[in-house]
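>
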Amino acid sequence: MENYQFVEFVSTKRISKERFAELFSIDKMKGKINNNDLVEIKKAICSYENVSMKLLKRFGLI
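Positions 257 to 318 (our numbering) are the ones given, in order, by the sequence shown.
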C-alpha cells in the first residue's frame, strides 16, 4: 500500500456476496488493493493479538 491505512478488525462480520457488491461496487471504489497489499493485510490480521483462531479459520487465513 502506498499510504499506510488503518485496518480495524474488532467488528469483523460476514456479509453476502450481494451485499458486498452493493457496498463496494466499482462506482463507489475509493482505491485498489493489489496482491501485495492483500498479502500485507492478511499478515496484519493474523498477527493481531486479539483475533480468535475461530475467526481466522472462518475466513481461511490459517
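Positions of the beta carbon are idealized from the N, C-alpha and C atoms, including for glycine.
Identify whether leucine 294 lies in helix, strand or coil by the three-state DSSP scheme.
Sequence index remark: in the sequence shown, residue 294 carries index 38 (1-based). Reduced to three states, the DSSP call for leucine 294 is helix.
> Indicate whether methionine 309 and isoleucine 301 have their beta-carbon atoms separated by less than 8 Å.
Numbered from 1 along the sequence shown, position 53 holds the residue referred to as residue 309. Numbered from 1 along the sequence shown, position 45 holds the residue referred to as residue 301. No, the Cβ-Cβ distance between methionine 309 and isoleucine 301 is not below 8 Å.
> Taking the C-alpha atoms as reference points, what is the distance between threonine 268 and asparagine 291?
Numbered from its first residue, the sequence shown carries residue 268 at position 12. Numbered from its first residue, the sequence shown carries residue 291 at position 35. Their Cα atoms are separated by approximately 21 Å.
> Could you check the C-alpha separation between methionine 285 and lysine 273 for me, to the nearest Å?
Taking the first residue of the sequence shown as 1, we reach residue 285 at position 29. Taking the first residue of the sequence shown as 1, we reach residue 273 at position 17. In a straight line, the C-alpha of methionine 285 is about 16 Å away from that of lysine 273.
> Where do the ends of the alpha helix (DSSP H) carrying lysine 313 lie?
For the purposes of this step, residue 313 is taken as the residue at position 57 of the sequence shown. Run containing lysine 313: 309-314, per the alpha helix (DSSP H) assignment.
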